[in-house]
Structures are given as structure tokens and as C-alpha cells.
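Take the position in the sequence shown, starting the count at 1, then add 384; the result is the number in our numbering.
Glycine included, C-beta positions come from ideal geometry on N, C-alpha and C.
Single-structure report; data block below.
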Amino acid sequence: MWHWTHASRRAFSSVALLLVVGSVRAGDPAVAAPDANMLPPGFTLAVLAVTINREAQREAVVALRDRAGSVWIGPADLARWRLRVPSAVPMVHQGERYFPLAAVSGLTANVNERDQTLVIDAPAALFAVTRIDADPGAGPIAERSATGGFLNYSVLALRNEGRTSSSGAFEAGAFGRWGVVASSATAWTGDGTTRVTRLESSWTYAMPERLATARVGDAISRGGSWGNAIRYGGVQLATDFATQPALVVTPLQAASGQVAVPSTVDVFVNNALVSQQAVRPGPFSISNIPPVTGSGDVSLVIRDELGREQIITRPFYASAALLRPGLVDFSVDSGFERRNFAVASNDYGPWFGSATVRRGFDAATTGEVRVEAQAALANVGAAADVLIGDFGVLSTSLAGGHNRLGNGTRVAAGFERQSFGLSFNVRGTWASPSFRLLGDFESSLTVDRELLASAGYGFARFGTLSLAYVERSFREQHAVTIASLGYSFGLERWGYVGASMARVHADGGSTQVNVLWTLPFGESTSVSAGADRVRGPAGTAHDERSLSLQRDLPAGEGFGWRVRGTDQDTRQAELAYQNRYGTVSVAAEQVQGRSAERVTVSGGIGAIGDNVFLSRAVDDSFGIVRLPGYPDVRVYAENQEIGRTDASGVLIVPRLLPYQRNSLRIEQGDLPFDAEFDMLAQDAVPFARSGVVIDFAVRPARGALLRIVQEDGEPVPAGARVQLDGQERSFFVALDGETYVAGLSAKNRAAVAWRDRACTLEFDGPAGNDPQPRLGTVVCRRLH
């Protein structure tokens, strides 16, 4: 079927013009057509169906044909076919240019005279490039939360050698459209004394649309590539990529190819399908392909309409150290340095300020600038991460500054490669004697020189070998050197084995060897056997062999337990139970004749609006599903049943993923017959540590069957529409005037319409609890 497009209209007008000109000439030979409408000498006008590389085009084309039968086409049609305009002198007709297809090198064009079809065969290189963006883009923007709050608690009672003590960790918070306010503390009591220590208190306001979060109160600063991350009380404004989890922040990959006929392209990253695209004949380019970290391959599997297949593969290297071109990651921190965290509640030191900005300049280069200042201290520095081919990432940084000790400099360089086979990382740092960072004056572990190196090699089914070496030289402590060697391998249904050896040299030296075999039974139960040997300074030694059996707590309700014993007179046992309201665990331990018992209770209390509930610790986002008046209805999250609504039709949905779509669904089969609903599934997109309300708007249908007749007793004809006053929806009438109408009230008025007739009726709504009442016959009064 031809579509009435610009080309179709042009074809119609051209044919009509020919007919008009022909009729004028037939009627009066002395009358000539206007020159503007005359065809060039030797040319004829044709309307042709088109097939290009065996693909039939949806629109016909208006073309010119010369004496030799060659076809001339307008540039608009060539652009629609994605063919390049030939570099030939065009022919002008009715103000439009036409170019000869014969002038296109490599292209063949023939006209099937019988069905007036233009058949074109063109190599892929003659087509314009098809550009495809495979970037999934940013995810959904979270909706501001309902107002609510939470209280988390973990209380522990300990009895050790006849002495009893108790401790607890608590966190209280409130959330709403204005963000999240939270404060945490620990408490300890024993020997007749009680101590309470505040941990962190802050207000957090997330801005997903800006990829940023503002925080006022206790925070941890960003150290960037060369600074220290320190605890402080103050103000922080920083990029927060977690507010858009679907956004790929590392450089994306690209691949290209060409096809001669319509084809399908499957895009694989390390043999995992990430995209499927349909491409038209010609070159194509697929950009913004999400990568995985480390070395890998992007493969294009191209299948044409005949089932022929070709594969294009190109290697890549991706690193979390690199940012996409143009993407900015920043953090501005200002406040008072915190000291003795978890020991003192309000021990704040001097003021400081810092700012760090990272930016991706291109797919291979990410740069960073950082400044930091404190009383009698100021540092500035820069860093860069550079992709070296498809091999790995080179990282460098240079910082300098001034403090009360004088001027100083710090230099660091490193290289990283991750792959399925060999992976390694090496990094070295050197600082001049007078260089200090924020936080160094409060620590005796200021690093003077540092060398970090690690490597790993995977032998596929034969396991993985890893090595690591650390050498740190401190200004106020002895230097530390650590070397380790590890090997792990799987035994299929017999579990896996891991062995490691570490040598530590500081003020003296020690060597530790460890072997551990773990055998799983099902998904959550396992047994482990291990052996440890430690040789310390001055000939000290410790050997221990252990055996443990454990069952992990389930994701939902249920029990978990663990028993462990060693040949060094150590016995441990623990039993835990978890339900929707929290977790309780009981543990007993005996070490070299000394015994201890412990009981731990943890959970949370949450609130959204007027709904208060008990739950496990509210560490994540959560939601509340409401179906007022509909108890015992199953609710699913991501197609997994999470519970049933309570007597009031409410269910708490814990552990929702923040800033992501969480699909929630109710079971239609659990709703009564007369229930009416707008939807059975909704997406919840909560903010971090906040709650959302999901209303499914289930309601009684309040419907009834009735028979509608006209004033003469004849039933209203089938197909007539019935519409209640005040409602937008309508109901159809079936045979013999029978119809079902929902949304009724005590008194109802409705209009009935069919063909060119209309009438109105009034009737009382159903009484009682009959799920499908019959109201009998109702007379519809004709409108005059």
C-alpha cells in the first residue's frame, strides 16, 4: 500500500499535470503548455515502486527517464534511501533537481517494465552511516518521600565469668520531602556505670536530578587521589552517582560495521548480550555500549534476512578510575575535624576546608584538581588517570604545600591492569620530610614512603593464584613490610579450598599459614575445616585446627545457627531466629575453661504518615502497600512473594532499592469478586533511607445487572451505551436490553444512546452484600 506522503503527492500532481497538458494539446494544437511544466527534451516522467537490496520501500517515487532508459532521482528520495547524492550535473524539472543513478559508481538500477518497479543494488559503502546509541541512559528520578521516621536498635546482654554487662547501638531518623535527618549512638552499662556516646548526627538532602547530595552535620570528607578522608562536623556538597544507579559513569565503548541488506546486530560484551539492534543497509556505528571493568571484548554478531552471519570483535579496557568525557565528580567539604570518634561524643578540632574536582576529558583521560586548607596548612595538587591503549591505566599525582614544618611535596604513580588471566596493580608514593596532609598532625601513622604491589592469575578450573607486597615507612613508627601468597581452587560438588601464607616484618617478624576447606550443603548450610599456624618473634608459636558447621539466616523468616570447635579448647555455639519484626540470637562460648553467654536482639520501628510498624532494622529504603479493607492479599516484589496484607489491608515492604524501579504487584485472585481496581502493579522509586506509600486504589465495584426497556416496552437495542451521571466511562447494552453497570450509588441517573436516539433512566442502587445483584427492569424515558 502506498502512503500519501510528499513523494506520493508529487507523483499524483505530476501525473495529473501530464493528463492536463495532454488534454490541452488534444483540444487545441495551437495552445502550448507553460515552459515551467515542460519535461526536458528526451525525458519522460515515471512513477515507480522501489526495491533496494531486496528490501521493498514503502513509498513510490517520481522519477525521470531519459532516451536510454536511465533513471534520474531527486535528492529528497536519495536522502530517504540514505544514498549519497552523486557528483553529476542534475536535470531540473518543475524547480526540482534530478540526478542520474547511472553516475553512481558501483550501483546498478534497472526498471522492471511489467510492474513498473525500480530495482536498485548498491554496496554498503554507498549508504549513509546509521548511528545507534546503545546507552541505557539515566534511570527513573525518585519521587519525594512521604513523611515518616525510623528507630533502629541492637541490644546485647553479656555474661562473662559471672559478671553481667549490656550494650546497645541505636539510630533514630526522620524523612520527608525535605530529606533525611538521622542520629546514632552507643550505650554501655556495667559495674554500676552507664556510658552513652553519640556517633553521627546529620541532615542529608539528595538531588538526583543534579547527581548531587548535600549534607549538614557529621560527614566524611573525600580525599581524592592523594588526600586523606577525615571525619568532621560541617557542610558537604558532593556528586552522588548513587542517586542515578543506571547511569554509566565510566567511558562507554563503540563498535561499527556495514551490511548490504537489512540485518539484526546483537552486541555482546564479554559474551553477555547487552543490546540488539535492527540496521538498514550501509555502514552503521553503535556508540555508548556499557562496558565491564577490566579488559574485555565487544563483539557484534550480524545476521541478515537470509540467516547469514558475520562476527566483528574489538578489544577494550575499562576502569572505574576513568570518567565519561564531560562528566564531573566533585566534593566540597568544610567544617571542624572530628577526633576520638566512637570514644567521645563531641570532640571537634580545628576548622578545615577542601575541594576536589574530577573530570573526564576524553575516553582515555580523567583529570583531578584538589585544594585543602587548615590553620597553618595549605596544599594544592593535581592527578591524572590515563588509559594506555587497551592494556591498563596509568595513575599519577603531584601535590605541594606549606605547613608549620615548612614547604613539602608528595609524588605518586601507579599502574593497574585487570583481566581474566593476569591482573596486577603497582603503586608507589614518596613525600618530603616536611609535607603533611589534612589529618596527619593528629596521627602517628604518617606515611613517608609506600610501595603497594599485587598480582593475580586465573587458571580457569584450576584455581586462582594471588600475590601481594606492601612496604610502608612511617615518620614516627617502625617500617612495616607485608608479603603474602594465596591460592584457591574449586572442587565442584566438594566445595572449595583456599590456602594462604603471609610474612609480616615490623618490630620483629611473624609468619602465618592458613588452609580452609568449605563444603556447602544446599544453598545455606556448609561445613568448614581449617588449620592455622603462626610463628611469631622470639620463637613464639600458635597452631590451631578448627571445624565449624553453620546455616545462614534466610532472606525471609527462619532460623540460622553455627557451631565451632578447635583443638585449643575453644567451643562456640549460636542460634538465631529472624522474622518480619527483627532478629534474636543466643550464643555461648568457652575458651580455655572460661565461659561467656550472649543474647542479642535487633530490629526497628518505622512510621509513614499514620502507619506505625515493627520491622527489622530500617537500613534501606522501604514502602507500605495499602489496600484499605482488603486483608490477606498477597503482595509481590520483583515477582517474589513478600507477604500478605494485614487485617487493615496494609503490608510493609522492606529493603527496597533506592533510586531504582521496584516492581510491586498484588494478587488479583485474592481480591473478592466485586472488587474494582485501576491497576495490579506499580513501580516504587524511593529515596535512600526513606519510605514510600503505594496505594492500589482497590474498591468495591458496586455494580448490578438490570434490563433497560423503552417506554413502549421494547428493550433498548444491543450496542447502546449507558453512562451514569458524573462518570466518564460507559457500559454497553447486550441482547434483550441486559447490561451491567458499576459505580452505583443509592440514587442513580443515567443516559442511554444508540444510533440517533437517546433516553434517560433513574433507579435506586443495590442494597445488601450480594456481589452481583439484579435490579430488574428499568424504563428509559425518551428525550424530547
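| Item | Value |
| --- | --- |
| Going by C-alpha distance, which of F1080, E1122 and A1072 is nearest T597? | A1072 |
| Which residue marks the beginning of the alpha helix (DSSP H) containing P699, and which one marks its end? | Note, P699: premise wrong, no alpha helix (DSSP H); beta strand (DSSP E) at E693 to A702. |
| DSSP three-state call for F825: helix, strand or coil? | helix |
| Quick check on the burial criterion: 16 or more other C-beta atoms within 10 angstroms. Buried or exposed for T588? | buried |
| Going along the chain, which residues of its own chain have a beta-carbon closer than 6 Å to the beta-carbon of L1011, five neighbours each way excluded? | V1017, T1029, G1033, F1080 and V1082 |
| I need the boundaries of the beta strand (DSSP E) containing D517, first residue and last residue. | T514 to D517 |
| Residue ranges of each beta strand (DSSP E) run of no fewer than 3 residues wholly in the segment 815-862, ordered along the chain? | 831-842 and 848-858 |
| Shortest alpha-carbon distance to V918 belongs to which of D891, L931, V947 and S884? | S884 |
| From the DSSP secondary-structure annotation, give me the bridge partner or partners of Y871. | L849 and A883 |
| DSSP on V980, reduced to helix/strand/coil? | Rather than Val, the amino acid found at residue 980 in this sequence is Ala. If DSSP states are grouped into helix, strand and coil, A980 belongs with the strands. |
| What would DSSP say about E497, mapped onto helix, strand or coil? | coil |
| Starting from the N-terminal side, write out each stretch of the beta strand (DSSP E) that is 3 residues or longer and does not extend beyond the segment 507-567. | 514-517, 532-544 and 547-560 |
| With DSSP as the reference, identify every bridge partner of C1143, one or two as the case may be. | V1136 and R1166 |
| From which residue to which residue does the beta strand (DSSP E) around A463 run? | First-last for A463: P459 to R464, but that is the alpha helix (DSSP H), not the beta strand (DSSP E). |
| Using C-beta distances below 6 Å, list every residue in its chain close to A991, excluding the 5 sequence neighbours before and after it, in chain order. | G532 and G533 |
| Enumerate in chain order the residues of its own chain whose CB-to-CB distance from R722 is below 8 Å, with the five nearest sequence positions on each side excluded. | D602, I614, R615, Y616, G617, D731, Y732 and G733 |
| Using 9 Å as the threshold, is the C-beta distance between P635 and A748 below it? | yes |
| Quick check on this structure: which residue in I1092, L1159, A815 and A638 has the alpha carbon closest to the alpha carbon of A1118? | I1092 |
| Classify T909 as helix, strand or coil using the three-state DSSP reduction. | strand |
| Would you identify the three-state DSSP class for R1086, choosing helix, strand or coil? | coil |
| Could you check what DSSP says for R606 in three-state terms: helix, strand or coil? | coil |
| If you reduce the DSSP assignment to three classes, tell me which class T902 lands in. | strand |
| Does G1149 come out as helix, strand or coil in the three-state DSSP assignment? | coil |
| DSSP on G744, reduced to helix/strand/coil? | strand |
| Short check: CB of S868 to CB of A886, under 9 Å? | yes |
| Evaluate N494 with the Cβ neighbour count: other Cβ atoms within 10 Å of its Cβ, from every protein chain shown; 16 or more gives buried, anything less gives exposed. | exposed |
| Going by DSSP in three states, R615 sits in which element: helix, strand or coil? | strand |
| Whose CA, out of S986, L690 and Q952, lies closest to the CA of V975? | Q952 |
| So what's D713 in DSSP terms, helix, strand or just coil? | strand |
| When you compare each of A639, G892, Q441 and V619 to A922 by their alpha carbons, which one comes out closest? | G892 |
| What do you reckon, are the CB atoms on G949 and L931 nearer than 9 Å? | yes |
| What separation, rounded to the nearest whole angstrom, lies between the Cα atoms of V755 and T740? | 7 Å |
| What does the alpha-carbon distance come out to for the pair F858 and P938? | 45 Å |
| CB-CB under 6 Å to R599, same chain, minus the five flanking residues each way: which ones, in chain order? | S586, T588 and Q620 |
| Quick check: what's the CA-CA separation for D1154 versus D994? | 33 Å |
| From A569 to V663, what does the alpha carbon distance come to, in whole angstroms? | 59 Å |
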